[in-house]
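Residue numbers (my numbering): 460 to 598. This report refers to the structure that appears directly beneath it.
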């Protein structure tokens, strides 16, 4: 309905319920891994190791990551996610300075990971391209 309102062609087929559940499951795994990396950083910085820290790190990271793109004035919510992480994890880490360190290290690690992933996919795409034709171009 929304696509028709803005003059776009509707999606030709609907997602299946099993496909939707599978996608939601993979997304949950992603949030657990993202939050897990924040928990590891938090414990490394000095937060108490325990389920409370892990839960706050996972929930806080998911909330901060979700808020970032909603702020459309910065690309991918740059700065917004970090601010939210500092506010959400400051209590667990004992202040805003260690929370800011966590937020900045997290951003750096994720940027490095994303560039690494892009490089791997670019190399794989290049490896699977057909070889260029050696035949002369028609005149």
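Note that the Cβ used here is the ideal one computed from N, Cα and C, for glycine as well.
Hey, is the region 489-507 in contact with the region 463-478, meaning 3+ C-beta pairs nearer than 8 angstroms? no
Quick one, are the C-beta atoms of residue 544 and residue 532 less than 8 angstroms apart? no
When we look at the beta-carbon of residue 516 and count the other beta-carbons within 10 Å, is it buried (16 or more) or exposed? buried
CA-to-CA distance, residue 461 to residue 471, given in whole angstroms: 14 angstroms
Is residue 548 helix, strand or coil by DSSP? helix
Report buried or exposed for residue 500, applying the criterion of at least 16 other Cβ atoms within 10 angstroms of its Cβ. buried
Exposure label - residue 536; buried when at least 16 CB within 10 Å: buried
Roughly how far, in whole angstroms, is the beta-carbon of residue 553 from the beta-carbon of residue 505, given that I think they are within contact range, below 8 angstroms? 7 angstroms
By the three-class DSSP mapping on this structure, what secondary structure does residue 541 have? helix
Can the beta-carbon of residue 512 be found closer than 8 angstroms to that of residue 498? yes
Can you look up residue 496 in the DSSP assignment and give me helix, strand or coil? helix
Decide if residue 592 is buried, meaning its Cβ has at least 16 other Cβ atoms within 10 Å, or exposed. exposed
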